[in-house]
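Read through the structure below, which is laid out as structure tokens, and then see the notes.
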Amino acid sequence: MPDSSRHGFNHAVDTIALMQTERQLIQEWSATALFWDKHREIIRQLFAPVTDALVEDAQIGAGHTVLDIATGQGEPALSLAALVGPEGKVFGIDPVPEMVAAAARAADKLGFHNTQFEVAFADHLPYPNDTFDAVVSRFGVMFISSPVDAVREILRVLKPGRKLSMAVWHSAETNPFLSVLQRVVEKYSASPPVAENAPGAFRYARPGKLRDIFVEADAAAPTERLLQFRIKAPISVDDFWTLRCEMSEKLRELVAKLSAQQLADFKSEALEVLGLYSTDSGMSFPAEVLIVTGTKSIPV
Ligand SMILES: C[S@@+](CC[C@H](N)C(=O)[O-])C[C@H]1O[C@@H](n2cnc3c(N)ncnc32)[C@H](O)[C@@H]1O
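Here it is in structure tokens:
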């Protein structure tokens with residue numbers, strides 16, 4: 058069955074549109090790489106509970122060879138490199154050369170000799186069949202134009218009986234880390250309605266949607282679980298505002314085009330809503346992520 062037919066959109070037209078959007082997003086990610094690199098340690102801390110859930114569900118342990126899809130600035134790959142140890146190896150792929158270069162620089166700086174980062178798309182992986190003990194992806198699959206092809210390609214490089222786990226955001230309502238600022242942004246810049254399948258943070262927010270992709274790609278025994286946790290950062294509201302603005306191409310664009318007065322108003326409204334999530338030990342947001350896991354079938 059084609060990628061589209063179960064998901065309610067016209068395959069030929071929408072695949073082209075998705076590929077165009079993917080290309081445009083890749084340009085945006087290129088410009089964003091510098092900032093994700095700058096804030097890498099805070100980003101690592103913010104999403105560490107998601108990394109831990111991927112490790113658990115993909116059953117990653119010492120000595121394993123692991124692949125991180127859409128690794129961006131190198132996470133969770135770099136956290137996994139410490140976990141698999143010198144007997145293991147972690148590969149990371151991302152289509153954005155600036156992201157891959159940042160990940161490789163960070164690995165050198167951290168003194169890891171068991172990592173390798175490559176520029177590649179998830180649906181064309183530069184690895185032989187049956188290579189990896191586990192494959193993970195954190196907040197990546199929502200940007201891939203052909204997710205079924207990508208999951209099939211990932212299953213090709215997984216060893217039989219081993220697991221692929223992906224983390225995606227649950228709803229906007231349960232993730233104020235992303236959505237509170239969005240509501241302020243909408244007052245200053247009208248955003249067109251987002252099509253249900255358009256690449257973006259909440260593309261797989263609906264429970265079951267990513268799991269259906271795993272089923273269509275022939276992953277064995279796909280499961281989904283809801284991870285409820287807190288996104289925590291030991292930083293002030295003001296520093297968090299800077300971090301969020303820099304991490305998002307859309308916010309950087311908006312900030313650049315506002316007048317001085319509009320920017321002051323925007324910032325003051327943003328700090329007010331963000332202040333609701335400020336604690337004595339820094340920022341703390343409730344968060345919900347779906348972890349979807351599938352297994353590569355063992356040939357009979
Ligand atoms: C939100 S970032 C996630 C970065 C990192 N995994 C993390 O959790 O911090 C999304 C990443 O998906 C990558 N991406 C976009 N399209 C992709 C594709 N077709 N294949 C693999 N990665 C892709 C982007 O370049 C970007 O680095």
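Each residue of the sequence shown is one higher than the one before, starting from 58 at the first, in the working numbering. Here a beta-carbon is modelled for each residue, glycine too, at the ideal position from N, C-alpha and C.
Secondary structure at Ala290: strand, using DSSP grouped into helix, strand and coil. For Leu124, the enclosing beta strand (DSSP E) covers residues 122-126.
For Gln130, the shortest separation between its Cβ and any heavy atom of ligand 1 lies below 7 Å. As the crow flies, the alpha-carbon of Ala247 is around 16 Å from that of Ala313. For Glu306, the three-state secondary structure derived from DSSP is helix.
Assignment of Phe92 by DSSP, reduced to helix, strand and coil, places it in the helix class. Taking 8 Å as the cut-off, the beta carbon of Glu132 is found no closer than this to the beta carbon of Arg162. By the C-beta density criterion, Arg240 is exposed, having fewer than 16 other C-beta atoms within 10 angstroms.
Distance from the CA atom of Ser136 to the CA atom of Thr108, rounded to whole angstroms, is 8 Å. Taking every protein chain shown into account, the CB of Ala139 has fewer than 16 other CB atoms within 10 angstroms, so this residue is exposed. By a beta-carbon distance limit of 8 Å, Leu283 contacts His227. Their separation comes to about 6 Å. With distances taken between CA atoms, Pro356 lies nearest to Ala276 out of Val205, Ala276, Ser222. Here Arg101 carries a helix assignment [DSSP, helix/strand/coil].
If you compare the alpha carbons of Val225, Glu144, Tyr184 with that of Ile211, the shortest gap goes to Tyr184.
Distance from Val141 to Ile117 at the Cβ level is roughly 7 Å; contact confirmed, criterion being Cβ atoms closer than 8 Å. In this structure Ala344 touches Phe234 by the C-beta definition: roughly 6 Å separates them, less than 8 Å.
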